[in-house]
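Colleague: Chains as they are written, first to last, in my numbering: chain X, -9 to 362; chain C, 27 to 279.
Sending over a structure as structure tokens; questions will come in a sec.
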């Protein structure tokens, strides 16, 4: 027998309390992982969506709080396209547009001449022809959730659009898109000659220095910032708030798990006051007595964390199958995500176990032995 | 008979060379409830290595408080307790002493009910730097010495009162202590078991020169000890030592 064996015996002595405490840790770790993974996956999914469009640079209004918030004059597209080293540029109006009978759908408006249409991975149908109006290409998830097929009509912002194509994007965000001609979306949303962002392809033959020069030239046009697709969400206030809220809730969840351990061990040490007195009477050092109690906390935490991680993987498996979630975001717990949450949970659980352990060794052995 | 003193083979030699008392209490008082209750009052007591003494007194006279001071599981409100002439200042000092040099047998056994006899004894060997297998072997050897070789793997709850107290004695002596303290060790036992336990404790005293302090209200048991200390209202009122030859003449020893 060793201290671990002794701790396991003690945990088995109170199966209900031990089980409930472990369940508390499991739920806390699982929900913390799920929350952080969800918030990250929203950003990652959006990021993947931007990457899938094949942009080198994304130009947004300087100081825009988020990717929906900025507005740029459509004339800026031509000015950017005229910069040496810019291969092509396309404006985009980007918004959640209300659809009849449904909640809002993520809608993009591109000029009918935009190069972006050529990159749409069509599963069926076609993209708008030059000058064609009130037509829409739907991502597969959007088509499924809206229940639309080729030739169906779709109501957006009170206007009727005819579905002419279904796109087979790979990123979750793009699979939920509705693509329409820019002019239609500008008119319907009263944002004539405005775009939310400008997609830019740069001639990469010039190397990093040339890329930086192009970027600087775009920003020199005034009131815009040019970012790579990977950078564009870093200053997005909505994502920052989402991540902050998720992190705060995750911290609370993990702290709750530590409180679970603390509560379970405080109760256990109170019940086992006499036993702790026995350990002291046979000469166990304070460190050994504390260790025996902390090990119980660590064991509960280990089991709870393992089950919590398992729970998060189950959630990762199940969530995409729920249309309301799976159509918008992907959910993937990773080692980089699990490690800090588990380490934090572990550290807090050890702290939670230290308090009852410290209380235990402060008792005078003779008094502890008198307790029933 | 198996030699349970393997861990400290030079114990007797150590004692013979050292003329200081094994343990001494100097003006020790113990007050409770902010001084409202006086359990011990200016107690002076010296116990030499190899002593076999009984502490007797009525219930509530301060016997247990005194024995708690002797093994450091309680601390005096005033006065000092010296072990081999050295004051034991911290709880860790006392814990180390109890781990290495003091064994305690309680009236209530104070065993861990969810552990086996072997595991209960093994607990007292933690912190001695022994491997798990050596701890088990040592615990099994001592349990065999107290006659429980057939009960090693029985849970404490499956043992009789006498057997439990034998486990408690095994746990107390497994580290070959210099001082063995029995706090009413026969108080919860039937007469046959009590006689066996008493015989076992005296045998340890005789076989290994272990210092024995026996707290009891049983006058017959106390009479078997060459030295008797009587305590009343927290004060030692009598400390008599009968020379061994006289005990032999009386046919008590």
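The C-beta atom is built at its ideal place from N, Cα and C for all residues, glycine as well.
If you run the structure through DSSP and keep just helix, strand and coil, what is residue 308 of chain X?
Modeller: Counting from 1 along the first chain, the entry for residue 308 of chain X is found at position 318. Helix.
Colleague: Quick check for students: name the residue ranges of the beta strand (DSSP E) that lie wholly in the stretch 124 to 169 of chain C, counting only runs of 3 or more.
Modeller: Counting whole runs of 3 or more residues, the stretch 124 to 169 of chain C contains the beta strand (DSSP E) stretches 128 to 132.
Colleague: Quick one: what's residue 239 of chain C bridged to in DSSP?
Modeller: By one-based count along the second chain, residue 239 of chain C stands at place 213. Paired residues: C:79 and C:207.
Colleague: What three-state label does DSSP hand residue 187 of chain X in the structure shown?
Modeller: Residue mapping note: residue 187 of chain X aligns to position 197 of the first chain, counting from 1. Residue state, collapsed to three classes: strand.
Colleague: Chain C beta carbons: is any one of them nearer than 9 Å to that of residue 323 of chain X?
Modeller: Counted from its first residue, the first chain places residue 323 of chain X at position 333. Chain C contact via Cβ: absent.
Colleague: Run through the stretch 93 to 134 of chain X for me and flag every whole beta strand (DSSP E) of 3 or more residues, listed as ranges in chain order.
Modeller: If we require 3 residues or more, the beta strand (DSSP E) runs fully inside the stretch 93 to 134 of chain X come out as 95 to 100, 112 to 115 and 125 to 129.
Colleague: For residue 234 of chain X, is the classification buried or exposed, using 16 other Cβ atoms within 10 angstroms of its Cβ as the cut-off for buried?
Modeller: Within the first chain, numbered from 1, the residue matching residue 234 of chain X stands at position 244. Residue 234 of chain X is exposed by the Cβ-count criterion.
Colleague: Take residue 331 of chain X and list the residues in its own chain whose beta-carbon comes closer than 6 Å to its own, dropping the five residues that flank it on each side.
Modeller: Taking the first chain and counting its residues from 1, the one referred to as residue 331 of chain X is at position 341. These residues qualify, in order along the chain: 22 and 23.
Colleague: Which residues in the same chain have their Cβ closer than 7 Å to the Cβ of residue 116 of chain X, if we skip the five residues on either side of it in sequence?
Modeller: Start at 1 with the first residue of the first chain, and residue 116 of chain X comes out as number 126. Correct list, in chain order: 154 and 155.
Colleague: Do you know offhand how far residue 13 of chain C's Cα is from residue 259 of chain C's?
Modeller: This structure gives no information on residue 13 of chain C, because the portion of chain C shown stretches from 27 to 279.
Colleague: Would you report the Cα separation of residue 38 of chain C and residue 263 of chain X, rounded to the nearest angstrom?
Modeller: Within the second chain, numbered from 1, the residue matching residue 38 of chain C stands at position 12. Within the first chain, numbered from 1, the residue matching residue 263 of chain X stands at position 273. Confidence is the limiting factor: at residue 38 of chain C the pLDDT is only 47, short of 50, which leaves the residue's position unreliable and the question unanswerable from this model.
Colleague: Output the boundary residues of the alpha helix (DSSP H) element that contains residue 193 of chain C.
Modeller: The count along the second chain starts at 1 and reaches residue 193 of chain C at position 167. Where residue 193 of chain C is concerned, the enclosing alpha helix (DSSP H) stretches over 187 to 199.
Colleague: Would you please verify whether the beta carbon of residue 227 of chain X is less than 9 Å from any beta carbon of chain C?
Modeller: Translated into the one-based positions of the first chain, residue 227 of chain X becomes position 237. So, not an interface residue.
Colleague: Ordered along the chain, which non-local residues of its own chain (more than five positions away) have a Cβ less than 7 Å from that of residue 180 of chain C?
Modeller: Numbered from 1 along the second chain, position 154 holds the residue referred to as residue 180 of chain C. 142 and 143.
Colleague: Can you round the beta-carbon distance between residue -3 of chain X and residue 282 of chain X to whole angstroms, since I take them to be within the 8 Å contact cut?
Modeller: The sequence position of residue -3 of chain X within the first chain is 7, counting from 1. The sequence position of residue 282 of chain X within the first chain is 292, counting from 1. With 8 Å as the limit, residue -3 of chain X and residue 282 of chain X qualify as a contact, their Cβ atoms being about 6 Å apart.
Colleague: Can you round the beta-carbon distance between residue 102 of chain X and residue 121 of chain X to whole angstroms, since I take them to be within the 8 Å contact cut?
Modeller: Residue 102 of chain X sits at position 112 when you count from the first residue of the first chain. Residue 121 of chain X sits at position 131 when you count from the first residue of the first chain. Contact flag correct, Cβ pair sits at about 6 Å.
Colleague: Measure the C-alpha to C-alpha separation of residue 220 of chain C and residue 10 of chain X and round it to an integer number of angstroms.
Modeller: In the second chain, counting from the first residue as 1, residue 220 of chain C sits at position 194. In the first chain, counting from the first residue as 1, residue 10 of chain X sits at position 20. Residue 220 of chain C and residue 10 of chain X: Cα-Cα distance of roughly 44 Å.
Colleague: Run through the stretch 187 to 227 of chain X for me and flag every whole alpha helix (DSSP H) of 4 or more residues, listed as ranges in chain order.
Modeller: For the stretch 187 to 227 of chain X, whole alpha helix (DSSP H) runs of length 4 or above, ordered along the chain, are 197 to 210.
Colleague: By the 10 Å Cβ neighbour count, where 16 or more other Cβ atoms means buried, how is residue 189 of chain X classified, buried or exposed?
Modeller: Counting from one through the first chain, the residue named residue 189 of chain X turns up at place 199. Flag for residue 189 of chain X reads buried.
Colleague: How big is the Cα-Cα spacing for residue 347 of chain X and residue 280 of chain X?
Modeller: Here the question's residue 347 of chain X lines up with position 357 in the first chain. Here the question's residue 280 of chain X lines up with position 290 in the first chain. Rounded to whole angstroms, residue 347 of chain X to residue 280 of chain X spans 5 Å at the Cα level.
Colleague: Taking contact to mean at least 3 C-beta pairs separated by less than 8 Å, is the stretch 220 to 232 of chain C in contact with the stretch 154 to 163 of chain C?
Modeller: Because the criterion of three Cβ pairs below 8 Å is not met, the stretch 220 to 232 of chain C and the stretch 154 to 163 of chain C do not touch.
Colleague: For residue 257 of chain C, which three-state DSSP category applies?
Modeller: Position 231 of the second chain, counted from the first residue, corresponds to residue 257 of chain C. Three-state DSSP puts residue 257 of chain C in a strand.
Colleague: With 7 Å as the C-beta to C-beta threshold (strictly closer), list the residues of the stretch 324 to 342 of chain X near chain C in chain order.
Modeller: Going along the stretch 324 to 342 of chain X in chain order, one finds no residue with a Cβ nearer than 7 Å to chain C.
Colleague: Anything in chain C within Cβ reach of residue -1 of chain X, meaning under 8 Å, just list it in chain order.
Modeller: Position 9 of the first chain, counted from the start, is the residue given in the question as residue -1 of chain X. The contacting residues are 140 and 141.
Colleague: Would residue 109 of chain X and residue 195 of chain X be called neighbours here (beta carbons separated by less than 9 Å)?
Modeller: For this step, residue 109 of chain X is matched to residue 119 along the first chain. For this step, residue 195 of chain X is matched to residue 205 along the first chain. Cβ distance not < 9 Å, so residue 109 of chain X and residue 195 of chain X don't count as in contact.
Colleague: Using the C-alpha atoms, what's the distance from residue 249 of chain C back to residue 267 of chain C?
Modeller: Position 241 of the second chain, counted from the start, is the residue given in the question as residue 267 of chain C. Position 223 of the second chain, counted from the start, is the residue given in the question as residue 249 of chain C. Cα-Cα distance, rounded: 11 Å.
Colleague: By the 10 Å Cβ neighbour count, where 16 or more other Cβ atoms means buried, how is residue 159 of chain X classified, buried or exposed?
Modeller: Translated into positions along the first chain, residue 159 of chain X becomes position 169. Buried.
Colleague: Please decide whether residue 242 of chain X counts as near chain C, where near means a Cβ-Cβ distance under 9 Å.
Modeller: Taking the first residue of the first chain as position 1, residue 242 of chain X is located at position 252. For residue 242 of chain X, the answer is no, since every Cβ of chain C falls outside 9 Å of its Cβ.
Colleague: Using only CA atoms, which one of X:100, X:-5, X:29 and X:20 lies nearest to residue 232 of chain X?
Modeller: Here residue 232 of chain X refers to the residue found at position 242 of the first chain. Closest option to residue 232 of chain X, Cα to Cα, is X:29.
Colleague: Using 9 Å as the threshold, is the C-beta distance between residue 344 of chain X and residue 267 of chain X below it?
Modeller: Translated into the one-based positions of the first chain, residue 344 of chain X becomes position 354. Translated into the one-based positions of the first chain, residue 267 of chain X becomes position 277. Cβ atoms of residue 344 of chain X and residue 267 of chain X: not closer than 9 Å.
Colleague: Once you ignore the five residues that flank residue 111 of chain C on each side, which residues in its own chain have a CB closer than 7 Å to its CB?
Modeller: For the purposes of this step, residue 111 of chain C is taken as the residue at position 85 of the second chain. Result list for residue 111 of chain C: 46, in chain order.
Colleague: Measure the C-alpha to C-alpha separation of residue 203 of chain X and residue 193 of chain X and round it to an integer number of angstroms.
Modeller: On the first chain, residue 203 of chain X is found 213 positions in, with the first residue counted as 1. On the first chain, residue 193 of chain X is found 203 positions in, with the first residue counted as 1. One C-alpha to the other measures close to 11 Å.
Colleague: Which same chain residues, not among the five before or five after residue 292 of chain X, have their C-beta less than 7 Å away from its C-beta?
Modeller: What you label residue 292 of chain X is simply residue 302 of the first chain in a count that begins at 1. Nothing meets the Cβ criterion.
Colleague: Can you grab the Cα-Cα spacing for the pair residue 158 of chain C / residue 184 of chain C, in whole Å?
Modeller: Looking up residue 158 of chain C in the second chain gives position 132. Looking up residue 184 of chain C in the second chain gives position 158. Answer to the nearest angstrom: the Cα atoms are 24 Å apart.
Colleague: Near residue 270 of chain X, which residues of its chain fall below 6 Å by C-beta distance, leaving aside the five closest residues on each side in sequence?
Modeller: Numbered from its first residue, the first chain carries residue 270 of chain X at position 280. Cβ neighbours of residue 270 of chain X beyond the five flanking positions: 355.
Colleague: Look at the alpha carbon of residue 124 of chain X and the alpha carbon of residue 301 of chain X, and state the distance between them as a whole number of angstroms.
Modeller: Numbered from 1 along the first chain, position 134 holds the residue referred to as residue 124 of chain X. Numbered from 1 along the first chain, position 311 holds the residue referred to as residue 301 of chain X. If I take the Cα positions, the gap works out to 45 Å.
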